[in-house]
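One structure below.
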Amino acid sequence: MTVFYSSEEYKIQTYAGEYRDLKCLIQDRLFTDDFGQCGGMGRCGTCIVKIGGLKENSGFLRNEETTLHRIAPGVDDIRLACQIPVDDELSNLTITII
Numbered sequence: 023m024t025v026f027y028s029s030e031e032y033k034i035q036t037y038a039g040e041y042r043d044l045k046c047l048i049q050d051r052l053f054t055d056d057f058g059q060c061g062g063m064g065r066c067g068t069c070i071v072k073i074g075g076l077k078e079n080s081g082f083l084r085n086e087e088t089t090l091h092r093i094a095p096g097v098d099d100i101r102l103a104c105q106i107p108v109d110d111e112l113s114n115l116t117i118t119i120i
């Protein structure tokens with residue numbers, strides 16, 4: 023996958039199960055500040071990412087839909103990284119940390 027963070031582009035290779043979720047991968051590989059403050063509960067909205075090409079049927083988990091509606095109502099293609107499992111679906115996608 024390709025991740026854009028602070029005007030930089032990072033090519034990241036991983037495998038299914040290496041990380042619990044996309045938030046953990048980003049924190050471990052990119053050392054982001056103030057990213058994922060609630061620890062993966064889907065409530066704080068500090069791990070918002072824009073994912074190009076993610077399948078529509080990648081349903082929302084836990085509190086994600088409510089949090090996204092509160093923070094960015096009507097904005098498409100954004101998700102909480104803490105709610106995205108690291109699996110083959112992320113292969114070759116572009117992720118932008120917002």
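The numbering used here puts the first residue of the sequence shown at 23, with every later residue one more than the last. Using N, Cα and C, we set each Cβ at its ideal position, and we do this for glycine too.
Sequence-distant partners of residue 75 (beyond 5 residues in either direction) whose C-beta falls short of 6 Å from its own C-beta, in its chain, are 115. In the structure shown, residue 118 falls within a strand segment according to DSSP collapsed to helix, strand and coil. Distance from the CA atom of residue 104 to the CA atom of residue 39, rounded to whole angstroms, is 14 Å. Secondary structure note for residue 101: its beta strand (DSSP E) is the uninterrupted segment 100-102. Residue 106: not part of any beta strand (DSSP E); DSSP gives it neither H nor E. Burial check for residue 43: the Cβ neighbour count within 10 Å reaches 16 or more, so the residue is buried.
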